[in-house]
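Take 177 as the starting number for the sequence shown in the working numbering and just add one per residue.
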Amino acid sequence: MAGAAEVLVSVVLVHGGFVDGSGWDQVYNILKKDGYTVSVVQNPTSSLADDVAATKRVLSGETKPVILVGHSYGGVVITEAGNDPKVAGLVYIAAFAPDKGESVGSLIKNPVPGAPVPPILPPQDGYLLLDKGKFAASFAADVSKDKADFMANSQVPWGLDALNGAISEPAWKTKPSWYLVATDDRMIPPPAQQFMSKRAGSTVVEVKGSHAVYVSKPEEVAALIRKAAAGVRTAN
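Structure below.
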């Protein structure tokens with residue numbers, strides 16, 4: 177159980193592209209046992225505007241200051257939605273942390289030579305999916321085979337308007353942030369994660385994990401969220 181002061185904040189978890197909020201279940205359960213109020217956003221992943229709106233609907237129901245947590249593309253969502261006055265701190269989990277005017281599309285436009293290229297299939301009807309046969313190796317290499325197979329076959333189509341949605345004002349410029357770098361990530365190269373976290377002035381931890389580190393290493397992810405909660409409490 178977290179200390180009484182720590183649970184004066186609540187936690188809102190935001191998923192990324194190709195998946196839904198159910199991947200947060202273990203992190204959710206750990207934080208609930210600690211005494212936190214935890215909510216999970218279900219992004220439509222149709223456009224950045226729609227996903228920010230979905231996140232703000234959840235924020236509107238919160239009565240305590242919020243630690244807003246984003247994985248992967250969810251980092252873009254929290255960078256925009258995090259400007260909400262209820263948000264006290266941001267936590268990026270192997271996530272994009274764009275600056276003003278940036279999008280996932282602009283951040284991945286010129287990959288470093290030799291960096292792994294995500295197996296994104298050509299768009300259909302304005303939406304993207306990952307190649308099912310390559311999903312596990314790229315997205316969830318340290319997740320059990322059955323779980324990775326389920327994730328590959330239950331993908332949520334990711335909209336081009338989400339991929340190309342640009343930030344109007346990055347919340348990390350005015351809110352404290354924490355960042356978990358997944359050192360075995362084959363979707364967002366670790367050097368890119370390190371660059372974005374440094375630029376945002378985040379408190380950084382590195383964890384040996386795949387892009388799906390929030391699924392494979394829930395204790396480490398929850399530990400960083402606890403650290404953010406304590407940091408916000410101390411700041412206040």
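Just so it is clear, CB atoms sit at the ideal spot from N, CA and C, and this is done for glycine as well.
query	result
At least 3 beta-carbon pairs within less than 8 Å: the segment 283–291 vs the segment 317–327	no
From 240, 188, 193 and 394, residue whose alpha carbon lies closest to that of residue 305	193
Residue 196 versus residue 270 - alpha carbon distance	16 Å
Within 8 Å, strictly: CB atoms of residue 413 and residue 355	Residue 413 falls outside the range modelled here, since the chain spans only 177 to 412, and no answer is possible.
Start-end ranges of the beta strand (DSSP E) lying completely within the segment 259–330, minimum 3 residues	263–269
Pairwise C-alpha distance: residue 263 and residue 244	7 Å
Distance CB(residue 241)-CB(residue 280) smaller than 8 Å	no
Simplified DSSP assignment, three categories, for residue 442	The structure shown does not extend to residue 442, since the chain spans only 177 to 412, so no value can be given for it.
Rounded separation between residue 213 and residue 369 - CA only	28 Å
Segments of 4+ residues assigned as alpha helix (DSSP H) that fall wholly inside the segment 221–248	224–236
Given 8 Å, three or more beta-carbon pairs between the segment 203–218 and the segment 394–408	yes
Selected residue, minimal CA-CA separation from residue 311, among 302, 219 and 323	323
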